[in-house]
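Going by our numbering, the letters in the sequence shown line up with residues 20 to 124, in that order.
Where is the CB? At the ideal position from N, CA and C, for every residue including glycine.
All values reported here derive from a predicted model rather than from experimental measurement.
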Amino acid sequence: MCSPVKEVKYKIWYQDNDNGWVPGPSDYRMKIALKTDAKNLNQWVQNESKSDTVVSLELWESLQLHPQDWPLMTSREVYLRPGQVKVLFREQGILLLYYTSEVFH
């Protein structure tokens, strides 16, 4: 963990695509929403560059982030890497994370 977390919601999916010779997931998707102090958000994106890519928040819809508890209507910052999406809401200290073994478009 990059910093202390106040609250977290997550959903983890994995699939074993093999016949079971090597235990563990072959493919995975992790959707995570967390709250931390806004001053800690930089720790989550060290050495990463902002992206101009528009990322739909529908990606985290299954977490049921209720607007009164998870206000996601302010400006956001997006950081992309292969198999990874990070969306920061600095004013609220909210970070949405998505990790996958699959190709992300």
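- Message: By alpha-carbon positions, which one of LYS28, CYS21, SER70 ends up nearest to ASP88?
- Response: LYS28
- Closest to ASN61 by CA distance: which of VAL106, THR119, GLU121 is it? VAL106
- Message: Would LEU116 and ILE31 qualify as a contact pair, given that the criterion is a beta-carbon distance under 7 Å?
- Response: no
- Message: My output table needs one value for ARG95: the three-state DSSP class, helix, strand or coil.
- Response: Coil at ARG95, not helix or strand.
- Message: Taking 7 Å as the threshold (C-beta atoms), are VAL97 and THR55 in contact?
- Response: no
- Query: How would you write the range of the beta strand (DSSP E) that ALA13 sits in, first residue to last?
  - Reply: In the structure as shown, the chain starts at 20 and stops at 124, and residue 13 therefore has no counterpart that could be examined.
- Minimum C-alpha distance to PHE13 - residue among THR119, VAL64, TYR118, SER45: Outside the displayed range of the chain (20 to 124) lies residue 13, so it cannot be described from this structure.
- Query: To the nearest angstrom, how far is it from the Cα of LEU82 to the Cα of MET49?
  - Reply: 11 Å
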